[in-house]
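A.B. asks: Below you'll find the structure I mean.
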Amino acid sequence: MDNPKKVTILPLMTQHSDILIVGGGLNGAVMALAASQSGFSVTLVDALDSTLQTTPNFDGRSYALALASTRLLKGIGLWDALKDTAQPMLDIKVADGRANEGPSSFFMHFDHREINAGPMGYMVEDRRLRPVLHAAISSDDSITYIANTRVISEQETASGITVACDSGASFTARLIIAADGRRSQVAARAGIKRVGWSYQQTALVCAIEHELSHDGVACQYFMPPGPLAILPLMGNRSSIVWSESHSRAQDIMALDDAGYLDVLRPRFGSYLGEIKLAGKRFSYPLDLTIAERFIAPRIALIGDAAHGVHPIAGQGLNAGLKDIASLRDVILQARMRGEDFGSVGVLNRYQEWRRFDANTLALATDAFNKLFSNDNPLLRLGRDLGMGLVNAVPKMRRGFIQEAAGLTGDLPDLMK
Ligand SMILES: Cc1cc2nc3c(=O)[nH]c(=O)nc-3n(C[C@H](O)[C@H](O)[C@H](O)COP(=O)(O)OP(=O)(O)OC[C@H]3O[C@@H](n4cnc5c(N)ncnc54)[C@H](O)[C@@H]3O)c2cc1C
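Now the structure itself:
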């Protein structure tokens with residue numbers, strides 16, 4: 105992407121915007137675009153160097169984006185630049201598995217044709233998404249993007265909120281949106297406690313090239329040490345997300361590429377033919393962290409700052425995008441009614457919309473991970489029978505497909 109980055113160097117004086125977003129990761133950047141396109145002036149402050157996020161090896165993840173999330177990306181004008189690199193997810197297959205044994209004969213198969221809404225979602229590679237997002241931010245005159253700068257304090261005032269940065273700059277806004285990730289310091293400084301725990305698991309992530317076509321099918325195998333997802337990318341490539349205990353993951357990461365593939369191969373068998381690595385290998389320690397409140401006076405939390413969940417169902421970013429679309433609806437409607445869009449009364453509507461949904465997701469992914477990440481024969485039998493049952497009942501199957509496509513619940517305008 106050859107758009108020049110707009111990195112603003114500000115004099116040491118207080119600048120004002122309607123909204124100040126702390127954190128320019130995926131959620132912060134999408135929020136900035138959604139808010140600016142709804143008529144709000146936005147300052148986006150990120151601790152990272154502006155060019156780092158758009159380098160191809162910044163992050164090895166690829167995201168399973170639900171249909172509803174891709175509607176949001178269309179709504180804010182990003183989809184045209186992404187669609188040619190996004191792989192449609194046509195079917196999802198879920199099964200129990202063990203290394204060297206292949207999948208169990210009890211499985212669930214979700215076929216997109218059962219809901220007549222097109223693909224259930226798309227696989228979008230991080231290395232494609234970030235440059236597109238950053239180009240859009242750079243060319244948006246209502247967004248002031250300040251990189252390489254850390255927000256260090258917030259102070260409520262009579263009509264808004266003031267933030268101070270480690271650069272010495274300060275800003276005022278009517279509303280702060282905290283998109284500063286799982287260890288949100290904005291939330292901590294606002295006295296918001298978190299609930300959560302480590303999974304003692306690390307997700308190993310890589311892209312592979314394979315001999316045979318994946319036909320747009322995403323596979324999830326529940327292996328005793330943790331889930332293994334094989335997610336289709338454009339061409340004969342797939343993204344692998346594979347969870348192991350921390351120590352085992354460390355040992356596997358220490359292997360050379362050939363040794364790494366030797367461990368991976370028996371986990372999913374030969375259905376894609378010969379495989380080889382397509383790029384670097386990455387690892388992500390896994391934990392659950394959910395904020396007890398999603399708001400404080402003049403502050404709203406979004407994305408991982410509000411809820412960081414296990415990637416077992418590929419729902420973390422989808423949930424963050426739903427926060428963004430919901431918060432955007434709430435503050436836009438408030439401003440149209442002449443209300444103070446940063447007031448607690450308005451922010452409460454956002455919290456009521458999103459907190460139950462996000463808590464349910466956190467609990468469901470936690471329960472799934474605990475139920476499936478073990479080799480207890482009774483649990484194995486129970487879950488195999490459960491999967492066989494869901495697979496046999498069309499109504500249950502369709503419910504799962506709607507859920508995977510993000511089409512359930514009260515959808516914000518940008519996701520309809
Ligand atoms: C292995 C794995 C696979 C996944 N797969 C999927 C998937 O398939 N589908 C899906 O929907 N989700 C998936 N997720 C989840 C998804 O990756 C996350 O939900 C998402 O990336 C979180 O983005 P964020 O912007 O909220 O937070 P972050 O990416 O953590 O960004 C936070 C930003 O805040 C900045 N920051 C922090 N503190 C400050 C400060 N004081 N001042 C200024 N800036 C600050 C940081 O520099 C950073 O840029 C996966 C997660 C993992 C671990």
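The numbering of the sequence shown is the working numbering, which starts it at 105 and goes up by one. Ideal Cβ placement from N, Cα and C applies to all residues, glycine included.
1. So within the segment 231–312, which uninterrupted beta strand (DSSP E) runs reach at least 3 residues, ignoring any that extend past its ends?
2. When you compare only the Cα positions, how much space is there between leucine 511 and alanine 138?
3. How about alanine 190 and valine 228: do their beta carbons lie closer than 8 Å?
4. Taking leucine 279 as the reference, give the member of Arg484, Val126 and Asp488 with the closest Cα.
5. Among Gly129, Asn131, Leu130 and Met135, whose alpha-carbon lies nearest the alpha-carbon of isoleucine 123?
6. Quick check: is any heavy atom of ligand 1 less than 7 Å from the C-beta of valine 267?
7. When every heavy atom of ligand 1 is checked, does at least one fall within less than 7 Å of the C-beta of leucine 152?
8. Could you tell me whether the segment 282–298 touches the segment 440–450, where touching means 3 or more Cβ pairs closer than 8 Å?
9. Pull the bridge partners of methionine 227 from the DSSP assignment, please.
10. Considering only their Cβ atoms, is the gap separating isoleucine 399 from leucine 451 smaller than 8 Å?
11. What are the start and end residues of the alpha helix (DSSP H) that includes tyrosine 454?
12. In whole angstroms, give me the CA-to-CA distance for leucine 335 and alanine 282.
13. Under the DSSP definition of a beta bridge, which residues are partnered with threonine 393?
14. With a threshold of 7 Å on Cβ separation, who are the neighbours of lysine 110 within its own chain once the five nearest residues in sequence on each side are excluded?
15. Would you mind working out which of His314, Gly424, Arg165 and Leu169 sits nearest lysine 380, comparing C-alpha positions?
16. At a Cβ threshold of 8 Å, is alanine 471 touching chain C?
17. Could you please give the first and the last residue of the uninterrupted alpha helix (DSSP H) stretch that includes leucine 148?
18. Please confirm whether any heavy atom of ligand 1 lies closer than 7 Å to the CB of proline 415.
19. So, under 8 Å CB-CB, alanine 133 and methionine 519 are touching, yes? Tell me the CB distance rounded to an integer number of Å.
20. Under a three-way DSSP split, which group does tyrosine 388 fall into?
21. Should aspartate 284 be listed as close to ligand 1, given that the test is whether its C-beta is under 7 Å from any heavy atom?
22. What separation, rounded to the nearest whole angstrom, lies between the Cα atoms of proline 235 and asparagine 480?
23. At a cut of 8 Å, does the segment 140–158 reach the segment 299–315 through at least three beta carbon pairs?
24. May I ask you to report which of helix, strand or coil DSSP gives asparagine 107?
25. Would you mind sorting arginine 502 into buried or exposed? The rule is 16 or more other CB atoms within 10 Å of its CB.
26. Note down, one range per segment and in chain order, each alpha helix (DSSP H) of at least 4 residues found wholly within the segment 319–403.
27. So what does aspartate 198 bridge to, in DSSP terms?
28. At which residues does the beta strand (DSSP E) containing glutamine 506 begin and terminate?
29. Going by beta carbon distance, what residues of the same chain come within less than 6 Å of alanine 294, once the five residues before and after it are set aside?
30. Closer than 7 Å by C-beta to glycine 377: which residues in its own chain qualify, once you throw out the five before and the five after it? Chain order, please.
31. From Ile265, Arg254 and Leu390, pick the residue whose C-alpha is nearest to that of alanine 273; which is it?
32. Are the beta-carbon atoms of alanine 462 and alanine 423 separated by less than 8 Å?
33. So, are the CB atoms of glycine 418 and alanine 168 less than 8 Å apart?
34. Tell me which residues share the same chain as aspartate 230 and place their Cβ nearer than 6 Å to its Cβ, disregarding the 5 neighbours each side in the sequence.
35. Report the rounded CA-to-CA distance for glycine 412 versus phenylalanine 386, giving the unit in angstroms.
36. Using DSSP's beta-bridge definition, name the partner residues of valine 126.
C.D. replies: To lay it out plainly:
1. 247–250, 255–260, 265–269 and 274–282
2. 20 Å
3. yes
4. Val126
5. Met135
6. no
7. yes
8. no
9. Ala168 and Gln191
10. yes
11. 448–476
12. 30 Å
13. Gly300 and Gly412
14. Reliability of the predicted coordinates at lysine 110 is poor, the pLDDT of 49 falling under 50, and no value is obtained from them.
15. His314
16. Considering every chain present, this structure includes no chain C. It has just one protein chain.
17. No alpha helix (DSSP H) contains leucine 148, which is instead part of the beta strand (DSSP E) from 146–149.
18. yes
19. About 18 Å separates the two Cβ atoms, so there is no contact after all.
20. strand
21. yes
22. 44 Å
23. no
24. Low confidence applies here, because asparagine 107 scores a pLDDT of 45, under 50, leaving its location unreliable and the question unanswered by this model.
25. exposed
26. 350–358 and 361–372
27. Looking at the sequence shown, residue 198 is not aspartate but valine. DSSP output for valine 198 lists Met212 and Gln324 as bridge partner(s).
28. Segment 498–508 is the alpha helix (DSSP H) holding glutamine 506; no beta strand (DSSP E) there.
29. Ala400 and Ile403
30. His314, Glu315 and Leu316
31. Arg254
32. yes
33. yes
34. Asp163 and Arg165
35. 19 Å
36. Val149 and Ala282
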